[in-house]
Structure formats: structure tokens, C-alpha cells
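Here is the structure we will look at, set down as C-alpha cells.
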Amino acid sequence: MKSSPHRHTPAVIDLAAIQNNIKKFRKHIGTHPEIWGVVKANAYGHGSIPVSQAIHDLVDGFCVSNLDEAIELRNHLITKPILVLSGIVPDNVDIAASLNITLTAPSLEWLQLIVKEKADFSTLKLHIAVDSGMGRIGVRDAKEANDMIALADKYHIQFDGVFTHFATADEADDTKFNEQKMKFDKIVSNLSRRPHYVHSTNTASALWHTNQVQDIERLGVSMYGLNPSGTTLELPFELEAAFSLKSELTHIKEIHAGDTLGYGATYRATENTWIGTVSIGYADGWTRDMQGFHVLVDGKFCEIVGRVSMDQMMIKLDKSYSIGTPVTLIGRDGDNEITAQDIAAWRKTINYEVLCLLSDRIHRVYK
Numbered sequence: 001m002k003s004s005p006h007r008h009t010p011a012v013i014d015l016a017a018i019q020n021n022i023k024k025f026r027k028h029i030g031t032h033p034e035i036w037g038v039v040k041a042n043a044y045g046h047g048s049i050p051v052s053q054a055i056h057d058l059v060d061g062f063c064v065s066n067l068d069e070a071i072e073l074r075n076h077l078i079t080k081p082i083l084v085l086s087g088i089v090p091d092n093v094d095i096a097a098s099l100n101i102t103l104t105a106p107s108l109e110w111l112q113l114i115v116k117e118k119a120d121f122s123t124l125k126l127h128i129a130v131d132s133g134m135g136r137i138g139v140r141d142a143k144e145a146n147d148m149i150a151l152a153d154k155y156h157i158q159f160d161g162v163f164t165h166f167a168t169a170d171e172a173d174d175t176k177f178n179e180q181k182m183k184f185d186k187i188v189s190n191l192s193r194r195p196h197y198v199h200s201t202n203t204a205s206a207l208w209h210t211n212q213v214q215d216i217e218r219l220g221v222s223m224y225g226l227n228p229s230g231t232t233l234e235l236p237f238e239l240e241a242a243f244s245l246k247s248e249l250t251h252i253k254e255i256h257a258g259d260t261l262g263y264g265a266t267y268r269a270t271e272n273t274w275i276g277t278v279s280i281g282y283a284d285g286w287t288r289d290m291q292g293f294h295v296l297v298d299g300k301f302c303e304i305v306g307r308v309s310m311d312q313m314m315i316k317l318d319k320s321y322s323i324g325t326p327v328t329l330i331g332r333d334g335d336n337e338i339t340a341q342d343i344a345a346w347r348k349t350i351n352y353e354v355l356c357l358l359s360d361r362i363h364r365v366y367k
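So the sequence shown is numbered by the UniProt record's numbering: it starts at 1 and just counts up by one.
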């Protein structure tokens, strides 16, 4: 999907805020471990290429979710190490090796398929995934991991790392976190040899579990200024939100008591009311359940009325405004602010999802 720069509904990305957040994390965790920036899912909706280019000199490597995301970074001259966090299709291993892209090895079975695909593996780097309790991918005991190391050695594959991912590092109860940590540490301690990188620290564990000794901190959502726990845990330091979403009024009218608005006629005016139309809808990731939420116009909260349509929605105004009047969907206007977390709370979801769902049709601009 192409973005729509001629529609005045831009997402404004503050690259300096992202850079500042990385610097704050570096101060928080110290000079060790390395920081690898997680730019999967189009950098959580912020734009993977502009973000990666802006932080290139502040991080030691990058993490993505799939091979295509990694290739895109290489095509835009991102030269630092890149780790693909998910398993890839075995017959695409040569592409990864040729571009110096490090792959996740999720199981012995996967590695056995890999070695059938290519004769020369000397440039291929792998990180073995350990399933310590997340349940998605990874080995569950040291024997399988050691069998993978032996197979990698046989085919001259570089066993470069081992990692796991915590399921509850962003929760107040750390029982599950400690169980996972103990399981991961036990598997690592029983490996036939320690690789260059051992890592389990995601954003949440870097924030609230700083007693870990790791080689890589995979910095994700908080790099963009979001609290991974939502509102459950207080941040140990202040983050700068990097994402704001703006639009403007494209149409204004006065409706009368009894008039209805939108599909299903779900809104009926109880009095004469000024209504503004805004150029954003569910095709942009501004979902239909936003009816009843609010935006900011002239620093004041204005309710979203009627069902959100595919491309447009309507808001209730306190008075008549001119076409082109700014509308803030995410961000600050005057003394008031709407955050991704506010939207997540309304939609009963997480702030990650709010920004990741905002589609490429929304034009991103950078400052």
C-alpha cells in the first residue's frame, strides 16, 4: 500500500526522541551489554528505514522479524549485524548468508533441513532459540541445543548466539519471569560451548530486571517512547514519545436534533450540533471501535460520533470551525494530550498494537 502524502493526515516521527531514548537506556544499563535496536513491523509503525538510519551509530545491531525486513535494511546500506528473530524458510538460507544476515535456529529439525539446502555454510551465522516458557519457537533442553551445535560444527556454520524471550517481564508478579530465567540459565550452562552472544534481555527486562548479565539488550517498544507494561509498572526514567498523528477538518456542518450520522445510524443528535469530518478511517488502522473516543481540536477534546468508516470519521465540535483546522489524534494540543496508551486502554489492547496497526497509507514525515 502506498502512502497518501496529498491527504493531510500525517504521522510525525520525532527521530531525535528515539535517539534520546536509546541514550537513556545506555545510561540505565551501563556500557555492557550491546544494544540492538528492534525495528521489526516497520519499526513498530515508525518507519524501519528512517529509524534505522537515524540510530545506526547509537546501536550495535538490529533485530527484525523476517528475512524480507532484513533484506530491506541491507538494501538501504544498513551495515551493522542483523538478527532475524523468527525461523525462515530453509531454501532462503543462501540469501541470508550472502548478505551477512544472522538467522534464528528454532529447532534441530529446522537445522537438519538447512544443511540439505547448501554445501558451503562458512558465512552463515545462527542464534539458537531457547523456549524457556514463551512457547513460540526454540529448543527446550540442552541436549537438542548441543545436537544443533554439533551439526553446525560439522557443516562449518557459525554458532554465534543463543537467546530466549520472556513472557512476563512487563508484569508485577515476577514468578514466571524467574522460572524462565532459571530454565534458560540452566540450558546455557550445559551447552558444549558458550557462543559469542547469550541474550534474553528484551525492553521490559532491561527496564525492571537490571541484575541480568547479558551480551545483548534487544531494545524494542521503549526505544519509541512507550511503556511495555502499559500502566502496570512505573518507568524508572522518563521516555520521549516519538509518534504523533495529525489531521484536519475536511468538512463542517450543523445538524439538528434527531439527525443521525454514519453507517447504521448509530449516533442520533439530541440537540443542534456542529459536526466535523476527518480524513482517517479503519483502512488506515483507525479502527471502528474508536467510536465514542475523542480527538483534540483547538486544544479541546471532541468526541468521535457515528461509526468510523473506511476512510473518514466524524467528530462533535463545540462550535463552527474552518476547513483545514488541525485535528490531533495522537499527541499534544495545548494543555491536553492523547497518547497511544490512552487509545490502547479504550480499545482494551496494548500500545504496541495501536501504532503497528496504523497502515502505510498514513504518510510518515520525520523531524
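Glycine included, each C-beta is placed from N, C-alpha and C at the ideal position.
Just curious, the alpha helix (DSSP H) that residue i is in, first and last residue?
{"i": "Arg347", "result": "Ala340 to Arg347"}
{"i": "Tyr44", "result": "Lys40 to Tyr44"}
{"i": "Lys80", "result": "That residue, Lys80, is in no alpha helix (DSSP H); it is neither H nor E in DSSP."}
{"i": "Ala167", "result": "Premise fails: Ala167 is in no alpha helix (DSSP H) and is neither H nor E."}
{"i": "Lys176", "result": "Thr175 to Ser189"}
{"i": "Lys24", "result": "Leu15 to Ile29"}
{"i": "Ala105", "result": "Counting along the chain, Ala105 falls outside any alpha helix (DSSP H), though it belongs to the beta strand (DSSP E) covering Ile101 to Ala105."}
What do you reckon, are the CB atoms on residue i and residue j nearer than 8 angstroms?
{"i": "Thr104", "j": "Leu85", "result": "yes"}
{"i": "Ile128", "j": "Ala145", "result": "yes"}
{"i": "Ile338", "j": "Leu329", "result": "yes"}
{"i": "Ile13", "j": "Gly37", "result": "no"}
{"i": "Glu69", "j": "Ser98", "result": "no"}
{"i": "Val188", "j": "Leu249", "result": "no"}
{"i": "Thr231", "j": "Gly220", "result": "no"}
{"i": "Ser132", "j": "Thr164", "result": "yes"}
{"i": "Leu261", "j": "Ile280", "result": "no"}
{"i": "Asn66", "j": "Ile88", "result": "yes"}
{"i": "Tyr267", "j": "Gly306", "result": "yes"}
{"i": "Leu111", "j": "Ala142", "result": "no"}
{"i": "Glu117", "j": "Val93", "result": "yes"}
{"i": "Leu108", "j": "Met148", "result": "yes"}
{"i": "Ala344", "j": "Asn336", "result": "no"}
{"i": "Ala11", "j": "Arg347", "result": "no"}
{"i": "Ser205", "j": "Phe166", "result": "yes"}
{"i": "Leu233", "j": "Asp170", "result": "yes"}
{"i": "Gly138", "j": "Pro106", "result": "yes"}
{"i": "Ala269", "j": "His251", "result": "no"}
{"i": "Asp360", "j": "Ser3", "result": "yes"}
Below 8 angstroms on the Cβ atoms is my contact criterion, and I expect residue i with residue j to pass it. Report the Cβ-Cβ distance as a whole number of Å.
{"i": "Phe177", "j": "Thr168", "result": "5 angstroms"}
{"i": "Ala41", "j": "Cys302", "result": "With 8 angstroms as the limit, Ala41 and Cys302 do not qualify as a contact, their Cβ atoms being about 30 angstroms apart."}
{"i": "Gln312", "j": "Ile304", "result": "Not really, about 11 angstroms apart at Cβ, beyond 8 angstroms."}
{"i": "Gly331", "j": "Lys246", "result": "7 angstroms"}
For the candidate residues the options, whose alpha-carbon lies nearest to that of residue i?
{"i": "Gln315", "options": "Ser322, Gly161, Asp342 and Val297", "result": "Before going further, note that residue 315 is Ile rather than Gln in the sequence given. Checked all of Ser322, Gly161, Asp342 and Val297; the closest Cα to Ile315 is Val297."}
{"i": "Lys125", "options": "Leu113, Val327, Ile35 and Val162", "result": "Val162"}
{"i": "residue 448", "options": "Asp185, Ala340 and Asp60", "result": "Residue 448 lies beyond the stretch modelled for the chain, which goes from 1 to 367, so this question has no answer here."}
{"i": "His32", "options": "Lys183, Ala344 and Val198", "result": "Val198"}
{"i": "Asn20", "options": "Tyr44, Ser3, Ala41 and Val51", "result": "Val51"}
{"i": "Tyr321", "options": "Met134, Thr277, Leu233 and Gln312", "result": "Thr277"}
{"i": "Asp60", "options": "Ile78, Ala142, Ser107 and Ile71", "result": "Ile78"}
{"i": "Glu240", "options": "Ile252, Gly285 and Gly225", "result": "Gly225"}
{"i": "Leu15", "options": "Val130, Phe25, His46 and Lys24", "result": "His46"}
{"i": "Ile114", "options": "Tyr155, Asp141, Arg332 and Val139", "result": "Tyr155"}
{"i": "Phe121", "options": "Asp289, Asn211 and Asn100", "result": "Asn100"}
{"i": "Tyr44", "options": "Asn75, Leu358, Lys367 and Arg193", "result": "Leu358"}
{"i": "Val308", "options": "Asn272, Gly264 and Leu317", "result": "Gly264"}
{"i": "Ala172", "options": "Asp185, Lys24, Trp208 and Asp91", "result": "Trp208"}
{"i": "Gly135", "options": "Gln180, Gly334 and Thr325", "result": "Gln180"}
Which first and last residues belong to the beta strand (DSSP E) in which residue i is found?
{"i": "Leu113", "result": "Careful: Leu113 lies outside any beta strand (DSSP E), inside the alpha helix (DSSP H) at Leu108 to Ile114."}
{"i": "Glu217", "result": "Ile216 to Leu219"}
{"i": "Tyr352", "result": "That residue, Tyr352, is in no beta strand (DSSP E); its alpha helix (DSSP H) goes Asn351 to Cys356."}
Looking at C-beta atoms only, is the number of pairs between the segment 205 to 216 and the segment 4 to 11 that lie closer than 8 angstroms three or more?
no
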